[in-house]
Amino acid sequence: MATTQVTDASFETEVLNSDAPVVVDFWAEWCGPCKMIAPALEEISEEMGEQVKITKLNIDENQDMAMKYGVRSIPMLILFKGGEPMATQVGAAPKGKLSDWIKSAL
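In this text, residue positions in the sequence shown follow my numbering: the first is 5, and each later residue adds one.
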């Protein structure tokens, strides 16, 4: 299961109403560290399969959700469970650290 794109319009359906935990990667095209962690998030998405859904939200195109969740620095990952933000990771990190963070928040 690869990462999926979400928008302000699809956020409620894809993230808040999801039965599975969802990680939202708040990112932007111009953000170098965001591009650095993208392959790791793809691999984690494949490895963890149905345990967690990993999504990406471009903050330049979808500013409402970025403002709602106080995104001030990117990349910023927020793990949602039952429609509520449960854990936050700010900044780039190696795949192992990202994977451990997700597993510890589940």
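Glycine included, every Cβ here is placed at the ideal spot set by N, Cα and C.
Item: First through last residue of the alpha helix (DSSP H) which encompasses A109; Value: K99 to A109
Item: Sub-8 Å separation of A91 and L102 beta-carbons; Value: no
Item: Spatial distance of T8 from T59 (CA atoms); Value: 5 Å
Item: Check whether M71 and V94 have beta carbons under 8 Å apart; Value: no
Item: Same chain only: Cβ atoms within 6 Å of K85, ignoring 5 sequence neighbours per side; Value: P25
Item: Under 8 Å between C-beta atoms of V27 and I78; Value: no
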